[in-house]
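So the structure is just underneath, and the comments pick up after that.
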Amino acid sequence: MKRIGVTGHRNIPGELHAYVRAAIRAAFHGHGGGALEALSSLAVGADTLFADIALACGAELTVVVPSDDYEDGFADPAELARYRALKDRATREVRLSFAHATDEAYYAAGAYIADNCDRLLAVWDGRPARGRGGTGDIVHYARTLGKPVTVIWRDGVARP
């Protein structure tokens, strides 16, 4: 089974939404056939967008939950509902052993995804992470492992 993981920003500029969706969809359609597993922490933004597309493309979803209190980080009730709905559709759930959602927990979740995928999609503006465990950190980690990383972003577009 081919495994595709995701890391990405929570805030994707509106002008990039269609571009990001198309690139993620192309990655799933261009994987070469066979069974697919998609790995995501289902954070707001790139992670949930990736999960929606993965499920629509017939992939099995594996959710990587960074901490016991991860759901507390969803301030918007609609985003929490979306997270729960996607988690309910997942084939597998991996719970990390962190009690609280800290930068360390987020880094560990991203590292787990990088460790366990064949290819990492990064919805990333190319800039350094804003906190440990951010997209830039996980891209760097995956590259040190020799994992193929596909960056999805358009030059000249700034992240909010």
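According to my numbering, the stretch in the sequence shown is residues 86 to 245, in order.
Note that CB positions come from ideal geometry on N, CA and C, so glycine has one too.
Looking only at its own chain, which residues have a Cβ that is under 7 Å from the Cβ of residue i, when we skip the five neighbours before and after it?
i: residue 108; result: 237
i: residue 174; result: 140 and 146
i: residue 177; result: 147
Relative to the C-alpha of residue i, which residue among the options is closest?
i: residue 181; options: 189, 175 and 174; result: 189
i: residue 167; options: 209, 134 and 240; result: 134
i: residue 241; options: 185, 210 and 222; result: 210
i: residue 86; options: 144, 110 and 96; result: 144
i: residue 121; options: 202, 96, 225 and 132; result: 202
i: residue 95; options: 215, 227 and 112; result: 215
i: residue 97; options: 131, 163 and 171; result: 131
Between which two residues does the beta strand (DSSP E) holding residue i run?
i: residue 87; result: 87-93
i: residue 186; result: Counting along the chain, residue 186 falls outside any beta strand (DSSP E), and DSSP gives it neither H nor E.
Go through its chain and collect everything with a Cβ distance to residue i's Cβ below 8 Å, but skip five positions before and after it.
i: residue 114; result: 142
i: residue 106; result: 134 and 138
i: residue 103; result: none
Just mark residue i as buried or exposed, buried being the case when its beta carbon has 16 or more other beta carbons within 10 Å.
i: residue 185; result: exposed
i: residue 218; result: buried
On the premise that residue j lies in contact with residue i, defined as a C-beta separation below 8 Å, what is that separation, rounded to the nearest angstrom?
i: residue 197; j: residue 208; result: Actually they are not in contact, since the Cβ atoms of residue 197 and residue 208 sit about 18 Å apart, beyond 8 Å.
i: residue 222; j: residue 195; result: 7 Å
i: residue 172; j: residue 205; result: Actually they do not touch by this definition, with Cβ atoms about 21 Å apart.
The alpha helix (DSSP H) with residue i in it runs from where to where?
i: residue 165; result: 162-174
i: residue 310; result: Since the first and last residues shown for the chain are 86 and 245, residue 310 lies out of range.
i: residue 224; result: 220-229
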